[in-house]
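S.K.:
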Amino acid sequence: MLVGRQAEQQALDRLVAAARLGTSGVLAICGEAGVGKTALLDDAVSRLTETRVLRATGHESEREVPYAALLQLLRPTLGSLDGIPPRQAAALAGALALPHGDDDAEGAAGPGRRDASDRFAVGAAVLSLLCRYAEDGPVAAVVDDLHLVDAASANALVFAARRLAADPVVVLLGVRSPEGDDVVSGLPSLRVGGLDLAAAQELLRAADGPRITEEQLGRLHRATAGNPLALLELHSADTDVVDSVDAGLPLRVPRAVTRAFGRQLTELDAAPRMVLLVAAVCGAELRLITAACARLGVDASLLGESEDRGFIALQGGRVEFRHPLLRAAVYSEASAEDRHAAHRAAAAAIPEADADRRAWHLAEATWHPDAEVAGLLAAAGGNAVSRGAHGVASRAFERAAQLSPSDDERAALLLRAADTAWSAGDGGRAIGLLDERMRDGPATPREDDLGLRAAIAARTGSLRTALELLMAAADRRRSPDETLVSLADAVHATFYLGDARTASALADRIADLLPAATTPTSRALGLMASGMARTLAGRGGADDIRAAVPLLESDAELQRDPRRLAWLMLAPLYLRDASSGARLRALVDEVRGSADVGVLPVVLFHVAVDEATTGAAWARAEADYAESIRLASETGQDTERAMSLAGLARLDARAGRADACHAHGEEAIALCAARDIHVGEVWVAHALGDLELSLGNAAGATERFERLMALLGELDLDDADLSPAPELTDALLRIGRRDSALAVAARFHAQAAAKGQPWACARAGRARGLAAGEDFEPWFESALEWHAQTLDRFEDARTRLAYGSRLRRAGRRVDARPRLREAFDTFAELGAVLWRDHAAVELTATGVHVRAPGEDATRELTPQELQVCLLLADGRTTREAAAALFLSPKTIEYHLRKVYAKLGIGSRAELAAALAGQAPPP
C-alpha cells in the first residue's frame with residue numbers, strides 16, 4: 000500500500016507521460032534505506048501501459064562482477080543488437096561476454112574484447128540499444144538498488160541516461176542515500192523523505208500488528224523520522240520494543256530496522272534459516288541456490304517456509320527478498336562458520352565458465368592465506384581490467400593480496416590494486432594501497448611504486464611532491480632507459496610548475512643519458528622531454544622535439560599505454576607548425592576513447608589545447624575542456640582541472656565571452672595559486688589581458704601584460720610562446736607609448752628568432768609591423784609567410800587585421816580591403832565576436848559595406864547543437880552523427896529541429912550554407 004506519496008507519484012506520472020510523447024525522462028529516486036523507493040518504482044511500473052519494461056536490481060553478491068546488472072537489464076533487448084553501430088555492438092557484446100560478429104574466430108583478443116574496455120563505446124551502445132528498442136514503442140528502464148550495482152554497469156547506464164533527450168524512453172533509478180548519491184550526481188533526482196504523521200498513521204492502521212496509542216505513534220514517528228519500513232517493522236515487533244524508543248535521543252533507523260529483522264529471523268529453525276542464508280549469498284537465481292543447498296546437504300524447498308512468513312517471494316525461477324535490509328540481516332546475523340560454508344557451496348555450484356563469481360565466493364569463504372584462491376582472484380582482476388572495470392579489478396587484486404601467502408606476491412598484487420584504482424580515477428584509494436604495501440616492506444617507498452605515487456601527485460595538484468618523487472625514482476633506477484622515463488615525467492611536472500631552472504638542469508641530464516638509450520620509448524620520451532625543457536628555458540629545443548616525432552609515431556608500445564597518450568600531443572603543441580603532428584593527432588583520436596577514466600582528464604586537456612589553436616574546432620575544444628573539468632573534478636585531479644579552466648579562459652577571451660573568461664579565470668587562479676601551477680597563472684593573465692584589449696581597454700590590457708612579463712621574468716620562463724609581447728606592443732601603441740612599444744617588439748623579435756619556430760616568428764613580425772614607421776609592409780608580409788606554416792587561424796587573422804589597419808591609416812584603402820575582409824571572414828567563422836567587430840569597423844572605414852556586426856544566427860546555437868550541425872553538414876547521416884556524439888538518432892533529429900527553428904531554415908542544404916556564412920540556396 001502506498002500512502003503519503005501523491006507528489007512523488009505525480010512527478011513520475013508526468014515523466015512517463017512525456018516519454019510516451021517522445022521526450023525522454025530520467026529520474027533518480029533517492030533516499031535512505033526503507034524510505035519507500037522500491038514501492039514508488041513498483042507503483043510507477045504498475046501504471047505503465049503500452050510500455051515495455053526493462054528491470055534490474057542490484058545485488059551485493061554481484062557488485063564485483065563487471066556488467067552483471069547491465070546484462071540483467073538489457074537481456075530482452077539483445078535481439079536488437081545488430082541494429083546499432085557495429086563498433087558499439089562489438090563493445091557491448093564484449094562487455095557482456097556475448098558472442099558477436101567475428102569474436103568467436105578472433106577469440107578474446109578480437110574487436111569485441113578490445114572495445115569492451117572503451118567506457119564511452121559501452122555507454123554509447125547502451126544508449127543506442129535502448130533507443131533502437133524504443134523505435135517499436137515506449138520503453139521504461141527501471142533499476143532498483145543502483146548503489147549495489149557493479150560500477151561498470153552503473154557507469155554505462157548513467158552515461159546513457161545523461162544523453163537521452165528525444166526518444167520514448169524513461170529511466171527510473173532507485174538509489175540509497177548517501178551510498179549511491181555520487182553515482183547519480185548530475186542526474187535529475189527526487190529526494191524521498193519520511194512520511195508525515197498523518198500518512199504514518201494511515202500506513203500503520205492498514206498494517207497488521209498491535210494497536211498503539213497516539214502517544215506511542217508520535218514517539219515511533221519521531222524516532223523513525225517517518226521511515227515507512229522502520230515504522231512497519233518496529234510496529235509489528237513486540238510492544239516493549241516500541242515503548243523502548245526514547246523520544247529524547249536520536250535513533251539510526253537502519254540499525255533499529257536490522258534489529259527488528261533479526262528478531263523476526265529467530266522464528267525460523269536452523270535448517271530453513273541456513274537455506275535463507277544460501278539465498279542471501281547466491282543472489283536471486285533459484286537454480287544456483289538449489290545447487291548450493293544440495294552441496295550443503297540442506298533442502299532448498301525449505302525456502303517455502305520463508306516465503307510463507309513473507310521474507311521472500313519466489314517467482315519465475317528467482318528469489319527476491321522483501322527488502323535489501325532483510326537480506327543484509329540474514330547475512331549479518333549468521334555465524335562466520337555458516338557464512339563461509341554458504342560461500343563455499345556457492346563457489347562449488349557455480350559453473351566453471353563463470354570463474355570470476357566463483358573466485359569471489361571462494362575469497363569470502365577463506366579467512367587464511369591461500370595461494371590457489373589468491374591466484375583465482377587475481378585472474379578475476381585481470382578479466383575485469385580487460386573489460387574496463389578497473390574499480391572491480393582493484394578490489395580483486397587487493398583481496399588477492401590479503402590471501403596470498405607470499406610476501407613478494409602480496410607486494411605485487413597491492414601494486415596492481417593501486418594501479419587499477421588510479422585507472423578508475425580513485426587516487427586516494429591508490430595511495431592508501433601503496434601505503435599498505437610500504438607498511439609490509441621497507442620504511443621508504445619501493446622503487447617500483449615511486450612512479451605511480453608521482454603520477455597521482457602530479458595529476459592531483461601536488462606537483463612539487465611529484466617532482467621530488469620522480470627525481471628520487473630517477474636516482475634509484477637501474478638502467479638508463481628507466482632513468483630517462485622518470486626524468487621525462489619530471490620535465491612534464493616542471494612545465495606545470497613553470498620551473499624553467501629545474502627543467503634546464505634536467506635537459507642536461509637527459510642529454511648525457513640519451514646515447515645509452517636502448518628502447519624506442521625511452522628515446523622518444525627523452526628527446527621530447529629534452530626539447531620541452533630547453534624550450535621553457537629559452538635554449539632552443541625544437542630540434543629534439545622534431546627528432547622525437549617519428550619515434551612517437553612508430554612506437555606501438557607507447558601508443559598502447561593510455562597514460563602516455565598526452566605525450567603524443569605534446570610535439571604538435573610545442574612545435575605549432577603545419578607540417579608536424581598530423582599523424583600524432585590521428586593516433587590520439589583513434590585511441591582516446593579507450594583511455595581509462597583516471598587518464599582522460601589529461602588527454603582531453605591536451606586535445607582541447609590543440610583544438611583551440613588549430614583550424615576552426617573551437618566548439619570541440621570547448622566541449623573537451625568542459626569534459627576534462629568535469630572528470631577532473633570527479634576524480635580529484637586538480638592539476639588538469641586548473642589547466643583546463645585556464646585553457647577555457649583563453650578560449651573565452653578569443654571568442655569575446657567576457658563573463659565566462661573572468662569566471663573561468665578566477666576559478667583557475669584559485670587552484671593554481673594554491674598548488675604552484677604557475678603556467679596556469681600565466682595562461683589566465685594572458686587571457687584577461689587579451690580580453691581587455693579586445694574590449695578596447697588598452698590601458699587595462701597594458702597593466703595586465705606588464706605584470707605578466709614580470710611574472711615570466713621571476714620564473715625564468717623564456718619561451719617566446721608564453722610571452723604577451725605582441726599584444727603588449729599593440730596596447731602600448733594605443734595609449735601613445737610608442738618608444739616602449741618599439742623596445743618590446745624588438746626584444747620579442749630577437750627572442751622569437753632564437754626559437755626559430757613559425758608561430759613565434761609570425762607573432763614577432765606582427766609586433767614589428769605594428770611598431771614600425773612607414774616601412775611596416777615587409778614585417779607584415781614576413782609575418783604572413785610564417786603564418787602559412789602554422790595552423791592557428793586566429794593569430795593569422797589578428798595579423799591581417801593589424802596589417803589592414805596600418806594600410807588604411809596610410810591612406811591605402813583599396814590595398815587594405817582584402818586583408819581586412821580576410822580577417823573579418825576568419826573571425827566570423829571562428830566565432831571571435833569582438834575581433835570580428837573590430838574588423839568590420841575597419842572595413843567600413845575603407846568604404847566597404849559590411850553586414851551589421853550583430854550576432855549571426857549560428858551564435859544562438861549551443862555547443863552540442865553546433866557539433867550536430869557540423870557533422871551533418873560534413874555529410875554524416877543521422878545515425879553516424881549519433882554514434883560520433885554518443886547520442887541517439889532521435890536526439891540528433893531533436894537538435895536539428897531546434898537548429899532549423901533558430902536559423903529559420905528547413906533543409907540540410909540551407910544548414911550547410913548557413914554554417915559556411917553564405918546566403919541560403921533558392
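Residue numbers (numbering that gives the first Met the number 0): 0 to 921.
Positions of the beta carbon are idealized from the N, C-alpha and C atoms, including for glycine.
Computed from a predicted model, the values in this text were never measured in an experiment.
Going by C-alpha distance, which of T56, A378, A279, A528 is nearest H339?
M.R.: For the purposes of this step, residue 339 is identified with residue 340 of the sequence shown, where counting begins at 1. Among T56, A378, A279, A528, the Cα nearest to that of H339 belongs to A279.
S.K.: CA-CA distance, L231 and R357?
M.R.: Against the sequence shown, residue 231 aligns to sequence position 232. Against the sequence shown, residue 357 aligns to sequence position 358. In a straight line, the C-alpha of L231 is about 37 Å away from that of R357.
S.K.: Between S23 and D207, how many whole angstroms is the CB-CB distance? I'm expecting something under 8 Å.
M.R.: In the sequence shown, counting from the first residue as 1, residue 23 sits at position 24. In the sequence shown, counting from the first residue as 1, residue 207 sits at position 208. Not confirmed; about 41 Å, so no contact.
S.K.: By the three-class DSSP mapping on this structure, what secondary structure does A139 have?
M.R.: One-based indexing of the sequence shown puts residue 139 at position 140. Correct three-state label for A139: strand.
S.K.: What is the DSSP secondary structure of I544, reduced to helix, strand or coil?
M.R.: Within the sequence shown, residue 544 is the residue found at index 545, counting from 1. DSSP places I544 in helix when its eight states are reduced to three.
S.K.: Just to confirm my understanding: we take V606, look at its own chain, exclude 5 residues before and 5 after, and list those with CB closer than 6 Å. What are they?
M.R.: The count along the sequence shown starts at 1 and reaches residue 606 at position 607. The residues are D623.
S.K.: Using C-beta distances below 7 Å, list every residue in its chain close to V683, excluding the 5 sequence neighbours before and after it, in chain order.
M.R.: The residue given as residue 683 occupies position 684 in the sequence shown. For V683, where only same-chain residues beyond five positions count, the Cβ hits under 7 Å are A645, A648, G664, A667, I668.
S.K.: What are the boundary residues of the beta strand (DSSP E) that F320 is part of?
M.R.: Position 321 of the sequence shown, counted from the start, is the residue given in the question as residue 320. From DSSP, the beta strand (DSSP E) with F320 extends over 317-320.
S.K.: So what does DSSP say about Q788, is it helix, strand or coil?
M.R.: The count along the sequence shown starts at 1 and reaches residue 788 at position 789. The answer is coil: DSSP assigns Q788 none of H, G, I, E or B.
S.K.: Would the stretch 387-397 count as touching the stretch 307-316 if we require 3 or more Cβ pairs under 8 Å?
M.R.: Verdict: no, contact absent.
S.K.: Look at the alpha carbon of F604 and the alpha carbon of A913, and state the distance between them as a whole number of angstroms.
M.R.: For this step, residue 604 is matched to residue 605 along the sequence shown. For this step, residue 913 is matched to residue 914 along the sequence shown. Taking the straight line from one Cα to the other gives about 30 Å.
S.K.: Given R878, which residues of its chain have a CB within under 6 Å of its CB, disregarding the five upstream and five downstream residues?
M.R.: Your numbering for residue 878 matches position 879 in the sequence shown. These residues qualify, in order along the chain: P888.
S.K.: CA-CA distance, E892 and A90?
M.R.: Here residue 892 refers to the residue found at position 893 of the sequence shown. Here residue 90 refers to the residue found at position 91 of the sequence shown. Approximately 25 Å between the Cα atoms of the pair.
S.K.: Looking at the secondary structure, which residues open and close the beta strand (DSSP E) in which I455 lies?
M.R.: Within the sequence shown, numbered from 1, the residue matching residue 455 stands at position 456. No beta strand (DSSP E) holds I455; the alpha helix (DSSP H) holding it covers 446-458.
S.K.: Enumerate in chain order the residues of its own chain whose CB-to-CB distance from G688 is below 7 Å, with the five nearest sequence positions on each side excluded.
M.R.: Taking the first residue of the sequence shown as position 1, residue 688 is located at position 689. Excluding sequence neighbours, G688 sits near A700, R703, F704, L707, P723, E726.
S.K.: Starting from L95 and walking both ways along the beta strand (DSSP E), at which residues does that stretch end?
M.R.: The sequence position of residue 95 within the sequence shown is 96, counting from 1. Element bounds for L95: n/a, residue is neither H nor E.
S.K.: Given 8 Å as the limit, is there contact between the stretch 411-418 and the stretch 428-441, that is, 3 or more CB pairs closer than that?
M.R.: Counting Cβ pairs under 8 Å, three or more are found: they touch.
S.K.: According to DSSP, simplified to helix, strand and coil, what is Q314?
M.R.: In the sequence shown, the residue the question calls residue 314 occupies position 315. DSSP places Q314 in strand when its eight states are reduced to three.
S.K.: Could you please give me the residues that DSSP links to R51 through a beta bridge?
M.R.: The residue given as residue 51 occupies position 52 in the sequence shown. DSSP, once it has assigned bridges, lists V138 as partnering R51.
S.K.: Any idea which residues DSSP pairs E284 with across the strands?
M.R.: The residue given as residue 284 occupies position 285 in the sequence shown. E284 pairs with R317.
S.K.: Pairing CB atoms from the stretch 352-369 with CB atoms from the stretch 54-74, are three or more of them under 8 Å?
M.R.: Enough Cβ pairs lie closer than 8 Å, so yes.
S.K.: Closer than 8 Å is the cut-off here; do at least three beta carbon pairs connect the stretch 549-556 with the stretch 518-537?
M.R.: Short answer: they touch.
S.K.: Rounded to a whole number of angstroms, what is the C-alpha to C-alpha distance between E284 and R386?
M.R.: Within the sequence shown, the letter at position 285 stands for residue 284. Within the sequence shown, the letter at position 387 stands for residue 386. Rounded to the nearest angstrom, the two C-alpha atoms are 24 Å apart.
S.K.: Would you list the one or two residues that DSSP bridges to R175?
M.R.: In the sequence shown, residue 175 corresponds to position 176, counting from 1. Answer by DSSP bridge pairing, in chain order: G30.
S.K.: Would R162 pass as a contact of A882 if the rule is Cβ separation under 9 Å?
M.R.: Start at 1 with the first residue of the sequence shown, and residue 162 comes out as number 163. Start at 1 with the first residue of the sequence shown, and residue 882 comes out as number 883. Not a contact, by the Cβ cut-off of 9 Å.
S.K.: Thinking just about the alpha-carbon of each residue, which of A348, V64, D609, S405 is nearest to the one in G380?
M.R.: Start at 1 with the first residue of the sequence shown, and residue 380 comes out as number 381. Looking at the Cα atoms, V64 is the closest of the given residues.
S.K.: Using only alpha-carbon positions, find the residue among R190, V587, D560, F779 that is nearest to R765.
M.R.: Along the sequence shown, read from residue 1 onward, the residue named residue 765 stands at position 766. Cα-wise, what sits closest to R765 is F779.
S.K.: Using DSSP bridges, identify the partner residues of L189.
M.R.: Residue 189 sits at position 190 when you count from the first residue of the sequence shown. I28.
S.K.: What does DSSP give as the partner residue(s) for V169 in the beta ladder?
M.R.: Taking the sequence shown and counting its residues from 1, the one referred to as residue 169 is at position 170. Answer is G24, A139.
S.K.: Could you give the DSSP three-state label for T798: helix, strand or coil?
M.R.: Start at 1 with the first residue of the sequence shown, and residue 798 comes out as number 799. Residue state, collapsed to three classes: helix.
S.K.: Since L40 and T76 are thought to touch, with beta carbons under 8 Å apart, how far apart are those beta carbons, to the nearest angstrom?
M.R.: Here residue 40 is taken as the residue at index 41 of the sequence shown, counted from 1. Here residue 76 is taken as the residue at index 77 of the sequence shown, counted from 1. About 19 Å separates the two Cβ atoms, so there is no contact after all.
S.K.: Do A92 and S152 come within 9 Å of each other at the CB atom, strictly closer than that value?
M.R.: Taking the sequence shown and counting its residues from 1, one reaches residue 152 at position 153. Taking the sequence shown and counting its residues from 1, one reaches residue 92 at position 93. Contact flag unset, no.
S.K.: Would L26 and V169 qualify as a contact pair, given that the criterion is a beta-carbon distance under 9 Å?
M.R.: In the sequence shown, residue 26 corresponds to position 27, counting from 1. In the sequence shown, residue 169 corresponds to position 170, counting from 1. A contact, by the Cβ cut-off of 9 Å.
S.K.: Alpha carbon to alpha carbon, how far is A581 from Q866?
M.R.: As a first step, residue 581 is located in the sequence shown; it is residue number 582 there, counting from the start. As a first step, residue 866 is located in the sequence shown; it is residue number 867 there, counting from the start. So the alpha carbons of these two residues sit roughly 22 Å apart.
S.K.: Using alpha carbons as the reference points, say which of V191, E213, D658, F793 lies closest to A197.
M.R.: As a first step, residue 197 is located in the sequence shown; it is residue number 198 there, counting from the start. For A197, the nearest C-alpha among the options comes from E213.
S.K.: Put T365 into one of helix, strand or coil per three-state DSSP.
M.R.: In the sequence shown, residue 365 corresponds to position 366, counting from 1. Here T365 sits in coil by DSSP.
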